[in-house]
Amino acid sequence: MKLGKVEFCHFLQILALFLCLSGMNQAELTRSRSKPYFQSGRTRTKRSWVWNQFFVLEEYMGTDPLYVGKLHSDVDKGDGSIKYILSGEGASSIFIIDENTGDIHATKRLDREEQAYYTLRAQALDRLTNKPVEPESEFVIKIQDINDNEPKFLDGPYTAGVPEMSPVGVIKTALPNMDREAKDQYLLVIQAKDMVGQNGGLSGTTSVTVTLTDVNDNPPRFPRRSYQYNVPESLPVASVVARIKAADADVGPNAEMEYKIVDGDGLGVFKISVDKDTQEGIITIQKELDFEAKTSYTLRIEAANMHVDPRFLSLGPFSDMTTVKIIVEDVDEPPVFTSHLYSMVVSEAAKVGTIIGTVAAHDPDASNSPVRYSIDRNTDLERYFNIDANSGVITTAKSLDRETNAVHNITVLAMESQNPAQIGRGYVAITILDINDNAPEFAMEYETTVCENAQPGQVIQKISAIDKDDPPNGHQFYFSLTAEAANNHNFTLQDNKDNTATVLTKRNGFRRQEQSVFYLPIFIVDSGSPSLSSTNTLTIRVCDCDADGIAQTCNAEAYILPAGLSTGALIAILACVLTLLVLVLLIVTMRRRKKEPLIFDEERDIRENIVRYDDEGGGEEDTEAFDMAALRNLNIMRDTKTRRDVTPEIQFLSRPTFKSIPDNVIFREFIWERLKEADVDPCAPPYDSLQTYAFEGNGSVAESLSSLDSISSNSDQNYDYLSDWGPRFKRLADMYGTGPDCLYS
């Protein structure tokens, strides 16, 4: 019988256990005497320890110390004269020895997986002399293994992936053709058991999650054989019409598909693309829809997988077809012009009401509603043109000027009669044709001079002309002197035949003292049909020049005027300076007049006034004093009407009388009375004067706290002490004291 390695190990374990239980594990110390210990009393025979190895079972669960074995020396006669000592690994902590008998016990639970054996040393001593009677010897205590550890999986739980429809291989499937779409995950429990299934064996378990990975074994299929969508004809190009999707049970790249239109009458009108995220087919518009032209379209659309697995071609074609019908809905559209841009021309000489051209628009809807026309006045602010509302004929409404505006771009509005909200827009470009309606003139304002020492035939100025018109063949100007200047003895004109002319001297001996300025009229004619002409005067100044002919000083104005400053400019500057001086004098006079006091005799003008001191006020800083008593009197009699904003020559005022009238009525009538007086006063200044009075009403329960009302109230307050306060309070003592009544002016 041949034993395997595992069976042999188990056999050794059982044998060791048997020996331990049968007492063979007990070692006895024997003494081998090849010679006597004492010979003739003088020679000593060497002794030695002899025993077998000790074995002890692990995981002892008893309450008493576990007996391991026994040490014994043949010197020991059992009379207690020998003492046994144990040292080494675990001595005294794990293993103890009875020093009298030599019995060894284990005091702790032992685990072979932690330590498989212990090496110890034993010695026998004479108890009286404490000297060894035997040499020290080393022995081993081996821990006997028992099946106390179950098998363990180191890296569990485990996951694994197996493609669906996999054939039989290393990893075997229990069912053929396992389909991920039916169930994509399985949980397995794996058990490992030791001792080859014998009694007393232990086991361990772990889990394995097996996931079926996807393969492309499902073709795409449309849920419906046909679809129908309604689309308004006004939908703009590139808009989404519909989304369709073929169902595919696969996932990831195996479910990716592409769509295409394979047939139908909408191949050039619609296109289809795929949404990479949802795998939907997106149908969009490529051209504008027109209900009146075509009311429906039919598309044949195919969906096919992009990644086909040849192993599953037998399952059928990995594509599918469906039909999409698109119904175009009618929408009320605005009128449409026959041309997007109309180009028209008209002469700038055209009379008002001249027909320029015609625009036309129609209602594209089946109703063909009549159209009315108008001009968007935001594009024709000057209202140069009109349009017939029914016919679309455009005419001139004003005289045109090409030089002001050569092209007019206007917008024509076409409006449905039945639905005015539907408005179409057409664009008209009106070009104004030029006529020769502008005479030529000097190209610039010339500053011409002639030297006193000029010689006959000397060129003093070259002139050119401009014309606002724009003839087709360009300008051609002709220059000459006017009839009255043709025979002058000073200057002559030469036409250069290139739209320029040259002014030359005819004599010498010019003198500023005799004549400082010459005026030369020049006649210019253009080549238009009919031609136009104009007379332009060239001003020539006589100057004193140096030897190189450069002017130094000219006529009398040159001595007093800076360079480039004309007489008109100097007059304007002087006028501005004079105006500023007058304004300054007027302002100074008015300020001085305002500072004159309104009351000449301060001592005699004792009345109920609020005299302004240097304290903060509520907007009354521009008023010296306010006569508040006048606000409560409607019957003030004045012999002479005076104003507070001018200095009066004589001021008198009769003693006011009072009437019980509400304050608001008093104030309002007082203001109106003063306003009427100012309107009829011929001596009043030409501006209004607004004065603010701190007038208090009668609405307060506590009544007025101001002293302004003291003139009409009987106060018991004694103000005689004010006279003792000094001259500063004399005015207040006169106003509120108990002395004789005062006269108010």
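Using numbering that gives the first Met the number 0, the letters of the sequence shown correspond one by one to residues 0 to 744. Where is the CB? At the ideal position from N, CA and C, for every residue including glycine. Computed from a prediction, not measured in an experiment: that's the story for all the values here.
Leaving aside the five residues before and after residue i along the sequence, list all residues of the same chain whose C-beta is less than 8 Å from its C-beta, in chain order.
i      : result
Gln551 : Cys542, Asp543, Cys544 and Asp545
Asp621 : With a pLDDT of 48 at Asp621, under the threshold of 50, the predicted position of this residue should be treated as unreliable, and no value is reported.
Leu234 : Val240, Ile284 and Leu288
Leu187 : Ser206, Val207, Thr208 and Val209
Pro131 : Gln122, Ala123, Leu124 and Asp125
His306 : Asn215, Pro252, Asn253 and Glu255
Taking the C-alpha atoms as reference points, what is the distance between residue i and residue j?
i      : j      : result
Thr100 : Ile140 : 19 Å
Tyr775 : Glu88  : This structure leaves residue 775 out entirely; the chain is present only between 0 and 744.
Asn437 : Asp466 : 7 Å
Ser47  : Gln114 : Low local confidence applies: a pLDDT of 46 at Ser47 is under 50, so the model's placement there is unreliable, and no value is given.
Leu119 : Ile96  : 11 Å
Leu480 : Thr337 : 58 Å
Arg590 : Leu580 : 16 Å
Phe269 : Ile281 : 10 Å
Ile422 : Val335 : 9 Å
Ser80  : Lys69  : 17 Å
Thr536 : Thr353 : 39 Å
Gly263 : Asn418 : 36 Å
Gly456 : Glu402 : 39 Å
Ser91  : Leu85  : 8 Å
Val679 : Trp671 : 13 Å
Lys82  : Glu133 : 11 Å
Asn195 : Thr212 : Just to set this straight, residue 195 is Val in the shown sequence, not Asn. In a straight line, the C-alpha of Val195 is about 36 Å away from that of Thr212.
Gly527 : Thr395 : 25 Å
Asp525 : Ala485 : 20 Å
Excluding the five sequence neighbours on either side, which residues of its own chain have a C-beta within less than 7 Å of the C-beta of residue i, listed in chain order?
i      : result
Glu254 : The question names Glu, but residue 254 in the sequence shown is Ala. Excluding residues within five positions, the ones whose Cβ falls inside 7 Å are Asp247 and Gln278.
Val55  : Leu65, Val67, Ala105, Leu109, Ile140, Ile142 and Gln143
Leu492 : Phe478, Ser479, Leu480, Ala500, Val502 and Ile521
Leu380 : none
Phe728 : Leu721
Gln434 : Rather than Gln, the amino acid found at residue 434 in this sequence is Ile. Result list for Ile434: Ser346, Glu347 and Ala348, in chain order.
Helix, strand or coil: how does DSSP classify residue i here?
i      : result
Met414 : strand
Leu127 : coil
Asn377 : helix
Ile746 : Residue coverage of the chain in this structure runs from 0 to 744, which leaves residue 746 outside it and unanswerable.
Ala245 : coil
Leu399 : coil
Gly618 : Caution applies to Gly618, whose pLDDT of 49 falls short of 50 and renders its modelled position unreliable; the value that the coordinates give is listed next. Reduced to three states, the DSSP call for Gly618 is coil.
Lys192 : strand
Phe476 : coil
Gly263 : strand
Phe290 : coil
Cys575 : helix
Met60  : coil
On the DSSP bridge list, what partners appear for residue i?
i      : result
Met443 : Its beta-bridge partners do not exist; DSSP assigns none.
Lys324 : Gln227 and Thr297
Ser533 : Ile523
Ile142 : Val55
Cys544 : Ala550
Tyr372 : Ala413
Tyr66  : His104
Gly203 : Ala191
His306 : Beta-bridge pairing links His306 to no other residue.
Under 7 Å between the Cβ atoms of residue i and residue j?
i      : j      : result
Asn217 : Asp193 : no
Gly203 : Lys151 : yes
Pro439 : Phe476 : yes
Ile325 : Ile374 : no
Glu57  : Ile145 : yes
Val449 : Ile462 : no
Ala302 : Tyr372 : no
Ile539 : Phe509 : no
Glu232 : Val323 : no
Ile431 : Met343 : no
Below 6 Å CB to CB, which residues in the same chain sit around residue i once its five sequence neighbours on both sides are set aside?
i      : result
Asn129 : none
Ile393 : Ile355, Gly356, Phe384 and Ile386
Tyr341 : Val358 and Val427
Phe221 : Ala245, Asp319 and Thr321
Pro369 : Ser416
Thr294 : Val327
Ala732 : Leu721 and Ser722
For residue i, is the beta carbon positioned less than 6 Å from some heavy atom of the ligand NAD?
i      : result
Ala159 : By its list of ligands, the structure shown contains no ligand whatsoever, and the ligand NAD lies outside what it can speak to.
Taking CB distances under 7 Å as the criterion, tell me whether residue i reaches chain D.
i      : result
Val236 : Within the model displayed, chain D is absent; a lone protein chain is all it includes.
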